[in-house]
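Trainee:
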Amino acid sequence: DTAVSQTPKYLVTQMGNDKSIKCEQNLGHDTMYWYKQDSKKFLKIMFSYNNKELIINETVPNRFSPKSPDKAHLNLHINSLELGDSAVYFCASSPGLAGGVNTGELFFGEGSRLTVL
Amino acid sequence: AQSVAQPEDQVNVAEGNPLTVKCTYSVSGNPYLFWYVQYPNRGLQFLLKYITGDNLVKGSYGFEAEFNKSQTSFHLKKPSALVSDSALYFCAVRDIGAGNKLTFGGGTRVLVKP
Chain A
1 DTAVSQTPKY LVTQMGNDKS IKCEQNLGHD TMYWYKQDSK KFLKIMFSYN
51 NKELIINETV PNRFSPKSPD KAHLNLHINS LELGDSAVYF CASSPGLAGG
101 VNTGELFFGE GSRLTVL
Chain B
1 AQSVAQPEDQ VNVAEGNPLT VKCTYSVSGN PYLFWYVQYP NRGLQFLLKY
51 ITGDNLVKGS YGFEAEFNKS QTSFHLKKPS ALVSDSALYF CAVRDIGAGN
101 KLTFGGGTRV LVKP
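Protein sequences appear in the order of chains A and B. Position 100, counted from 1, in the first sequence is what our numbering calls 100; the numbers after and before it change by one each time, with no gaps. Position 51, counted from 1, in the second sequence is what our numbering calls 51; the numbers after and before it change by one each time, with no gaps.
1. Helix, strand or coil: how does DSSP classify B:Ser26 here?
2. Work out the CA separation of A:Tyr35 and A:Gly16 for me, nearest whole Å.
3. Start and end of the beta strand (DSSP E) containing A:Gln6?
4. Can you list, in chain order, the residues of its chain whose CB lies under 6 Å from that of A:Ser31, leaving out five sequence neighbours each side?
5. Which class does A:Leu83 belong to by DSSP, given the choice of helix, strand or coil?
6. If you follow the beta strand (DSSP E) that A:Pro69 is part of, which residue opens it and which one closes it?
7. So, is A:Val12 buried or exposed, given that buried needs 16 or more other C-beta atoms within 10 angstroms?
8. Mind checking B:Leu101: buried by the 16 CB within 10 Å criterion, or exposed?
9. Anything in chain B within Cβ reach of A:Glu105, meaning under 7 Å, just list it in chain order.
10. Along the chain, where does the beta strand (DSSP E) containing A:His77 start, and where does it finish?
11. In this structure, how does DSSP classify A:Asp124 when only helix, strand and coil are distinguished?
12. How about B:Gly106 and B:Gln6: are their beta carbons less than 8 Å apart?
13. Is it the case that the segment 63–79 of chain B contacts the segment 47–54 of chain B, given that we only count it when at least three CB pairs across the two stretches are under 8 Å?
14. Give the residues from the segment 80–96 of chain A that approach chain B closer than 7 Å (Cβ to any Cβ), ordered along the chain.
15. Please confirm whether B:Thr90 has its beta-carbon closer than 8 Å to some beta-carbon of chain A.
16. Does B:Phe104 get closer than 8 Å to chain A when you measure Cβ to Cβ?
17. By Cβ distance, which residues of its chain are closer than 7 Å to B:Thr24, with the 5 residues on each side in sequence left out?
18. Go through its chain and collect everything with a Cβ distance to A:Val60's Cβ below 6 Å, but skip five positions before and after it.
19. What is the residue span of the beta strand (DSSP E) that B:Asp9 lies within?
This is how it looks when you write it as C-alpha cells:
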C-alpha cells in the first residue's frame, strides 16, 4: 500500500519531446512537492502545492508545468525536453500548514528517472 | 535565505564503531531541522527532526541527532554502525519565512565496512 506513488519509474525519450510524470499520495496530506535530483545527488525543490494552490515555484524553466487536479495528485509535464533535464524527479507530500507553519516531515515517492537522449 | 552544509562527501566507518554525519545550517528564524536517508535507487526516508524542545532527538533505526544552536549544527549520530546503514544521508532545514520550503544539504555518503 504505497503512500506516495510515481509513474513511470523510468522514462527514456528524445530531445524535443514532451513527457509527463504522475504522482499520487494516499496519506491525506494537503501539501505536495516536486524535487529534482541531479547526477551528483543534489536535491532541489521545483514546485510545491498546498490544497491545489501553487505556493512554491522555484526558478524552473517554464517548459515545466505542474498540475494538481486535486490535493492527492500532483503531475509534472515537461515540454521540449533538453539533455539537461535528465535527472531523477521525486514527488513528496507532507501534512498541511498549522498556523502558517509546516513542521511535518516529507514523505517521498520512489522517484522517476528521466533520461533525455 | 536558508542554507545547509554537509562538509563531508563521504564518511567511512567500521561496523560496530560510532557514526557521525555532520550538518551545519543557516536560517534567519528558528530552525526546523530534518535528517533523511536514501538507499540506492530509492526515495528519501525520514529519520528524525528537531522542531523545539530537547536538543537531543532520537529517530528511526537507532539514529539520533543533537541540535546545537550556538554552533548552528545538527549532527547525526549512531553509537554502533551497521553495514546496512551504508547509504546517502541528507540534512535539511525548513524556512518558515519562505513558504515552508525544505532545503537540503548536498548529502553525505556513508560506507560501513564489515
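Beta carbons are placed, not taken as given, at the ideal position from N, Cα and C, and that holds for glycine.
Mentor: If we stick to the structure as given:
1. In the three-state DSSP reduction, B:Ser26 falls in the strand class (E or B).
2. About 22 Å.
3. Following the DSSP letters along the chain, one finds A:Gln6 inside the beta strand (DSSP E) bounded by residues Val4 to Thr7.
4. It should be pointed out that residue 31 of chain A corresponds to Thr in this sequence rather than to Ser. Around A:Thr31: Asn50, Ser94 and Gly96.
5. Three-state result, A:Leu83: helix.
6. Per DSSP, A:Pro69 belongs to the beta strand (DSSP E) from Phe64 to Asp70.
7. Answer is exposed; the Cβ neighbour count stays below 16.
8. At residue 101 of chain B the sequence reads Lys, which differs from the Leu that was named. Answer is buried; the Cβ neighbour count reaches 16.
9. In chain order: Phe34, Phe46 and Lys49.
10. His73 to Ile78 is the extent of the beta strand (DSSP E) around A:His77.
11. The question about residue 124 of chain A has no answer here: the residues shown for chain A are numbered 1 through 117.
12. Contact: yes.
13. Verdict: yes, contact present.
14. Flagged, chain order: Phe90.
15. The identity of residue 90 of chain B in the sequence shown is Phe, whereas the question assumes Thr. True, the Cβ-Cβ gap to chain A drops below 8 Å.
16. Yes, B:Phe104 lies at the interface with chain A (some Cβ there is under 8 Å from its Cβ).
17. Counting only Cβ-Cβ distances below 7 Å, and skipping sequence neighbours, we find Ala5, Thr72 and Ser73.
18. Counting only Cβ-Cβ distances below 6 Å, and skipping sequence neighbours, we find Met46.
19. Secondary structure note for B:Asp9: it is in no beta strand (DSSP E), with a DSSP letter that is neither H nor E.
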